[in-house]
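Residue numbers (this note's numbering), protein chains in the order written: chain A, 798 to 1163; chain B, 14 to 345.
Glycine included, C-beta positions come from ideal geometry on N, C-alpha and C.
One structure below.
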Amino acid sequence: MDIKPFTDTPIKFLEYDGKPAGDIGSLGLTNEQLLVMYRWMVFVRAVDDRGYILVRQGRAGFYAQVAGQEASQVGSALVLTKNDWIYGDHRSQGSQLVKGLKAAQWFAHVLGRTLDPTQGRMMPHGSGSADLHIVPPSSTVGNKITEAVGTAMAQRYRKTKDLTITYFGDGATSEGDFHVGLNFAAVYGSPVIFFCQNNQYAISVKLEEQTHTKTIAEKARAYGMDGYFVDGNDILAVYAVSKLAADKARAGNGPTLIEAYTYRYGPHSSADDDTRYRPKGELEMWRTQRDPVTRFRAFLVGKKLWDDAKEQKLLEEVKAEVADEFAKAEVSTPPEPLTVLDHVYAKRTPHLDAERAELAAELGVS
Amino acid sequence: MATVQAEKKQAFTMVQAIRSALIDEMTRDDNVVTLGEDIGIRGGVFLVTEGLIDMFGKERVIDTPLAELGIIGAAIGMALYGLRPVAEIQFIDFLYPGFDMFVSEAAKLRYRSAGQFKVPMVVRSPYGGGVRGGSYHSQSPEAYYVSTPGIKVVAPSNPYDAKGLLISSIRDDDPVLFMEPKKIYRTVKSELPEGAYEVPLGKASIVREGKHVTVIAYGAMVPLAQEGAVQMEKEGVEVEIIDLRTLQPYDTDAILTSVAKTGHAVLLQEAPRIGGYMGEIAAFLAENAIEHLEGPVVRVTGWDTPFPYALEKAYMPNVERLMRGIKKTLNF
């Protein structure tokens, strides 16, 4: 199927009821791959549900749910290979899990335990792993965009076929980082995918108050690159467009902007009250009529790849796996207090050594 | 052969010494790349990168679009990947658009990732007054950066140190702000050995020995301290001068040893006084050297104003201001 940039309506392969809306055969996905996609979405949602409870239980200080955006994150992250780099934002656990972060590591991150590769150094905005080429997200919106371009420039310099993807929200497109990053990448033809998860709200500010353009994708024109407007709740469409952008990057044909039109179910974060700004019924409409998991399940059922028995079995499996992973995180220890002075620099400076001695005395340890 | 080469010396300006460091390191290690505005065919506005694009190509000597945020951000991404980028910011006054990236990201990614990621990058940038540059080509903003854990801050005062410190900074595994005192870019010359050498980060140097008072300075204030010392000598005062060379981390031993000997400390910087770098040194002395001090610790600084154009002379520390400061503590 010919996928075109700069469409007025989101590119889709599935209707909301899961009926095919495009040439799905052209994606070349096997039945097995389709089922993997589905399992990932179910798994991400289950992990997220378990994680969010921790805030309510008073065991975590913060949580930003990914629920509603599973197709955007899973569909795009599935086109990545081991050596690709990923820069996410505060709502990136879906893509981080697909890239290889263990759910146990994610839970440890939320709990601030040492099983988290980042050792609980940052509030649970997203972990990071050097082995998996997942760079820890930032809280300053947009910061990862130019970094991702730098990594892509380095990948090009090293003549690899690898790419870098950076995830950000609709609000981030108002930051200077977005404009600078897209401009740099276009000038250098860097292998980077700018993946905007447009969930229509930057905390409370609606998209119409964020930007005067009809879509975010069309902003790509200004930098001389293609921008794709895709239905972010249609995993096949997200996968198709991401694959196209990835192939282009690997072939040395430069960057792409993708706008995935989606919706978050939770508030901005556990510290937010979304009832103050979302109109009544809107969330319910998205949840009941456009849910990415239900939609894809309906497609699989239509293809006779799925049924209630399989669904039941999968839910049980996932439930057990999430419980196992959570148990591993729970028994993981919190970081030792003295490590607060580590990793500021490659080696502790004399000043930090002195401060460490001061803290050790304060703690009565050596 | 190597010995003969090492002994062959040439007089270099600071600009030439910095350029020479870049050439040596880029020749040695193809992870070293440099990026910035006008650094390619133009060779940089101060000609530090003159000719490098012909030697190393545009993949390694990268002219960037005009966006400091992008220069710093891209350098971070390259460094995370394993390169050793040297970013040039045309004037340190223009680092502010990239400030957030530098202090929120470069400085913190090692810590935030619990040591998994490192950001071995250098930001080279001319700083300081005395060049008729007005508010936006004369600032000394080191205080912002030294108070950001995760960044190292270096400010050389002569061509020899500039080359050795830049080489150490490039080889260092942490982000370094390399502040180049543009007032003395071409006014001081040093004899440099051929080839690469390191001047270690975090080590001060005693550029003049004396027993009556310690003047602590860095960058372009070191030659001023030397002038002041010559004048004070005529009045029978022997001034010891410490060139800090690295502001973060700084050399506490050198400071303590000297002040224990002289009993007096004068702290010289061209940046404004309140919240300035020398406030840290003053506090360090107050906490650690009180038993040696025979007079007040005196700061000699620029005024607490934005940097002026027409009134630059009235702003900049000068020999008279320094001598007044020295006498204030000696006559206590």
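Using a Cβ-Cβ distance under 7 Å, would GLU944 (chain A) count as near chain B?
Indexing the first sequence from 1 puts residue 944 (chain A) at position 147. Yes, its Cβ sits closer than 7 Å to a Cβ of chain B.
Opposing strand residues paired with LYS1003 (chain A) [DSSP bridges]
If you number the first sequence from 1, residue 1003 (chain A) lands on position 206. Its beta-bridge partners are A:TYR998.
Grab the span of the alpha helix (DSSP H) containing PHE1026 (chain A) for me, first residue to last.
Sequence index remark: in the first sequence, residue 1026 (chain A) carries index 229 (1-based). Counting along the chain, PHE1026 (chain A) falls outside any alpha helix (DSSP H), though it belongs to the beta strand (DSSP E) covering 1023 to 1028.
Find the residues of chain A that neighbour TYR124 (chain B), judging by a C-beta separation of less than 7 Å, and give them in chain order.
In the second sequence, residue 124 (chain B) corresponds to position 111, counting from 1. Here the neighbours are ARG918, HIS1140, VAL1141.
Between the beta-carbon of TYR140 (chain B) and the beta-carbon of MET192 (chain B), is there less than 7 Å?
As a position in the second sequence, residue 140 (chain B) is number 127, starting the count at 1. As a position in the second sequence, residue 192 (chain B) is number 179, starting the count at 1. It is a contact, given that the beta carbons lie within the stated cut-off.
Rounded separation between VAL74 (chain B) and LYS216 (chain B) - CA only
Translated into the one-based positions of the second sequence, residue 74 (chain B) becomes position 61. Translated into the one-based positions of the second sequence, residue 216 (chain B) becomes position 203. Those two C-alpha atoms are separated by around 30 Å.
For ASP959 (chain A), name the three-state secondary structure that DSSP assigns.
In the first sequence, the residue the question calls residue 959 (chain A) occupies position 162. Reduced to three states, the DSSP call for ASP959 (chain A) is coil.
Alpha carbon to alpha carbon, how far is GLY1099 (chain A) from PHE130 (chain B)?
Along the first sequence, one-based indexing puts residue 1099 (chain A) at 302. Along the second sequence, one-based indexing puts residue 130 (chain B) at 117. Going from the Cα of GLY1099 (chain A) to the Cα of PHE130 (chain B) covers about 46 Å.
Cβ of THR937 (chain A) within 7 Å of any chain B Cβ:
For the purposes of this step, residue 937 (chain A) is identified with residue 140 of the first sequence, where counting begins at 1. Judged by the 7 Å Cβ criterion, THR937 (chain A) is in contact with chain B.
Residues that PRO285 (chain B) bridges to, as DSSP identifies them:
The count along the second sequence starts at 1 and reaches residue 285 (chain B) at position 272. BP columns for PRO285 (chain B) are empty, so no partner.
Cα separation between ALA1126 (chain A) and ASN996 (chain A)?
Locating residue 1126 (chain A) in the first sequence gives position 329, where the first residue counts as 1. Locating residue 996 (chain A) in the first sequence gives position 199, where the first residue counts as 1. The alpha-carbon atoms of ALA1126 (chain A) and ASN996 (chain A) are separated by roughly 30 Å.
Could you name each continuous beta strand (DSSP E) segment of 3 residues or more that falls completely within the segment 847 to 899 of chain A, going from the start of the chain to the end?
Those beta strand (DSSP E) runs which fall completely within the segment 847 to 899 of chain A and span 3+ residues are 882 to 884.
Shortest alpha-carbon distance to SER218 (chain B) belongs to which of B:SER170, B:LEU335, B:ASP76, B:GLY288?
Residue numbering aside, residue 218 (chain B) sits at position 205 when the second sequence is read from its first letter. For SER218 (chain B), the nearest C-alpha among the options comes from B:SER170.
Rounded to whole angstroms, what's the CA-CA distance from GLU1108 (chain A) to VAL841 (chain A)? Just pull it up for me.
Taking the first residue of the first sequence as position 1, residue 1108 (chain A) is located at position 311. Taking the first residue of the first sequence as position 1, residue 841 (chain A) is located at position 44. Between GLU1108 (chain A) and VAL841 (chain A), the C-alpha separation is close to 15 Å.
What number of angstroms, rounded off, separates the C-alpha of LEU79 (chain B) from the C-alpha of GLY822 (chain A)?
Numbered from its first residue, the second sequence carries residue 79 (chain B) at position 66. Numbered from its first residue, the first sequence carries residue 822 (chain A) at position 25. Rounded to the nearest angstrom, the two C-alpha atoms are 45 Å apart.
I'd like the span of the alpha helix (DSSP H) that includes TYR158 (chain B), first residue to last.
For the purposes of this step, residue 158 (chain B) is identified with residue 145 of the second sequence, where counting begins at 1. Start and end: 155 to 159.
Quickly, what does DSSP pair LEU257 (chain B) with across the bridge? List them, please.
Here the question's residue 257 (chain B) lines up with position 244 in the second sequence. DSSP output for LEU257 (chain B) lists no bridge partner at all.
Ignore the nearest five residues each way along the sequence and tell me which others in ALA1154 (chain A)'s own chain have a CB closer than 8 Å to its CB.
What you label residue 1154 (chain A) is simply residue 357 of the first sequence in a count that begins at 1. The beta carbon of ALA1154 (chain A) lies closer than 8 Å to none in the same chain, with the five residues before and after it left out.
For MET329 (chain B), the three-state DSSP class (helix, strand or coil):
Within the second sequence, the letter at position 316 stands for residue 329 (chain B). Here MET329 (chain B) sits in coil by DSSP.
According to a CB-to-CB cut-off of less than 8 Å, which residues of the segment 84 to 105 of chain B neighbour chain A?
ILE85, GLY86, ALA87, ALA88, ILE89, GLY90, MET91, ALA92, LEU93, TYR94, GLY95, LEU96, PRO98
State buried or exposed for PHE904 (chain A), treating a residue as buried only when at least 16 other CB atoms are found within 10 Å of its CB.
For the purposes of this step, residue 904 (chain A) is taken as the residue at position 107 of the first sequence. Buried, because 16 or more other Cβ atoms sit within 10 Å of the Cβ of PHE904 (chain A).
Throw me the rounded Cβ distance for the HIS1140 (chain A) and PRO262 (chain B) pair, which I believe falls under 8 Å.
The residue given as residue 1140 (chain A) occupies position 343 in the first sequence. The residue given as residue 262 (chain B) occupies position 249 in the second sequence. Between PRO262 (chain B) and HIS1140 (chain A) the Cβ distance is about 15 Å, and since that is not below 8 Å, they are no contact.
For the segment 973 to 985 of chain A, which residues have a CB atom closer than 9 Å to at least one CB atom of chain B, in sequence order?
Within the segment 973 to 985 of chain A, the residues whose Cβ lies closer than 9 Å to any Cβ of chain B are, in chain order, GLY973, ASP974, HIS976, VAL977, GLY978, ASN980, PHE981, VAL984, TYR985.
Inspect the beta-carbon positions of ALA1063 (chain A) and GLN893 (chain A) and report whether they are closer than 7 Å.
The sequence position of residue 1063 (chain A) within the first sequence is 266, counting from 1. The sequence position of residue 893 (chain A) within the first sequence is 96, counting from 1. Note that residue 1063 (chain A) is Gly in the sequence shown, not Ala. Contact: no.
Assuming ASN1030 (chain A) contacts ARG1092 (chain A) under a Cβ cut-off of 8 Å, what Cβ separation, rounded to an integer in Å, is found between them?
Residue numbering aside, residue 1030 (chain A) sits at position 233 when the first sequence is read from its first letter. Residue numbering aside, residue 1092 (chain A) sits at position 295 when the first sequence is read from its first letter. That pair is a contact at about 6 Å.
Under 9 Å Cβ-Cβ, which residues of chain B neighbour HIS1148 (chain A)?
Residue 1148 (chain A) sits at position 351 when you count from the first residue of the first sequence. Chain B residues near HIS1148 (chain A): GLN261, PRO262, TYR263, THR265.
I want to see whether chain A comes within less than 7 Å of ALA80 (chain B), judged by CB atoms only; does it?
Indexing the second sequence from 1 puts residue 80 (chain B) at position 67. Yes, because at least one Cβ of chain A sits closer than 7 Å to the Cβ of ALA80 (chain B).
Mind checking whether ALA857 (chain A) and LEU851 (chain A) have CB atoms under 7 Å apart?
Position 60 of the first sequence, counted from the start, is the residue given in the question as residue 857 (chain A). Position 54 of the first sequence, counted from the start, is the residue given in the question as residue 851 (chain A). Closer than 7 Å, so yes.
Taking DSSP's pairing of strands, which residues face PHE191 (chain B) in a bridge?
For the purposes of this step, residue 191 (chain B) is identified with residue 178 of the second sequence, where counting begins at 1. Note: PHE191 (chain B) sits in a beta bridge opposite B:ARG137, B:VAL167.
By Cβ distance below 6 Å, which residues in the same chain neighbour GLY147 (chain B) in space, the five residues on each side in sequence not counted?
For this step, residue 147 (chain B) is matched to residue 134 along the second sequence. The answer, listed in chain order, is TYR322.
Which partner residues does MET278 (chain B) have in the DSSP bridge list?
Within the second sequence, numbered from 1, the residue matching residue 278 (chain B) stands at position 265. Contrary to the premise, residue 278 (chain B) reads as Ala rather than Met in this sequence. Bridge partners of ALA278 (chain B): B:THR227.
Determine whether the beta carbon atoms of GLY31 (chain B) and ALA175 (chain B) lie at a separation below 7 Å.
Start at 1 with the first residue of the second sequence, and residue 31 (chain B) comes out as number 18. Start at 1 with the first residue of the second sequence, and residue 175 (chain B) comes out as number 162. Correcting the residue type first, residue 31 (chain B) is Ile in the shown sequence and not Gly. Result yes, Cβ atoms of ILE31 (chain B) and ALA175 (chain B) sit closer than 7 Å.
Just the Cα atoms here: how many angstroms apart are ASP187 (chain B) and LEU1033 (chain A)?
Here the question's residue 187 (chain B) lines up with position 174 in the second sequence. Here the question's residue 1033 (chain A) lines up with position 236 in the first sequence. Straight-line spacing of the CA atoms in ASP187 (chain B) and LEU1033 (chain A) works out to 42 Å.
Have a look at PRO802 (chain A) and ALA1120 (chain A) and give me their C-alpha separation to the nearest angstrom.
Working through the first sequence from its first residue, we reach residue 802 (chain A) at position 5. Working through the first sequence from its first residue, we reach residue 1120 (chain A) at position 323. Using only the alpha carbons, I get a separation of about 42 Å.
Whole angstroms are fine: how far does the CA of PRO172 (chain B) sit from the CA of VAL201 (chain B)?
The residue labelled residue 201 (chain B) in the question sits at position 188 within the second sequence. The residue labelled residue 172 (chain B) in the question sits at position 159 within the second sequence. Roughly 7 Å between the two C-alpha positions.
What alpha helix (DSSP H) runs, 4 residues minimum, are completely inside the segment 807 to 847 of chain A?
Runs found: none.
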